[in-house]
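Per full-length UniProt numbering, the sequence shown starts with residue 1, numbered consecutively. Ideal placement from N, C-alpha and C gives every residue a C-beta, glycine not left out. All values derive from a computational prediction rather than experimental measurement. Below: one structure, written as structure tokens.
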Amino acid sequence: MLQLSPTNAYKRDFKKIASELMSSAEYIEVMYCLMHQLPLAEKYKDHPLQGELQGFRDCHIKPDLVLIYAVENNLLRLVRLGSHSELFG
């Protein structure tokens, strides 16, 4: 099982929507799968990022709730969490 390593930016993002996320079956499923290195269901649209964020991945927990993350050694690095426009634009 991977160890969680949230960035400060992720912690800030999480705080904004924590109450919504903790009751979200989708968030719990995504975190479980990532921590146990299981493939995510297609509905989460998991894919590698390009450009400045090459080496990172993103998945859509909900239609407009995106998680940016990376797996490095035994760490699940949680980078950002927010809407597509907040994170990319």
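message: Just to confirm, is the Cβ distance from Leu76 to Leu2 under 8 Å?
response: yes
- prompt: In the DSSP assignment, what residue or residues form a beta bridge with Arg77?
  reply: Ser5 and Ala70
task: Could you tell me if Asp58 is buried or exposed, where buried requires 16 or more neighbouring beta carbons within 10 angstroms of its beta carbon?
output: By the 10 Å Cβ count, Asp58 comes out buried.
message: Under DSSP, the beta strand (DSSP E) around His84 begins and ends at which residues?
response: Element bounds for His84: not the beta strand (DSSP E) but the alpha helix (DSSP H), His84 to Phe88.
query: Distance, Cα to Cα, His84 vs Asn73?
result: Straight-line measurement puts the Cα of Asn73 at about 27 Å from the Cα of His84.
task: Just the C-alpha distance for Pro39 and Tyr32, rounded to the nearest angstrom, thanks.
output: 10 Å
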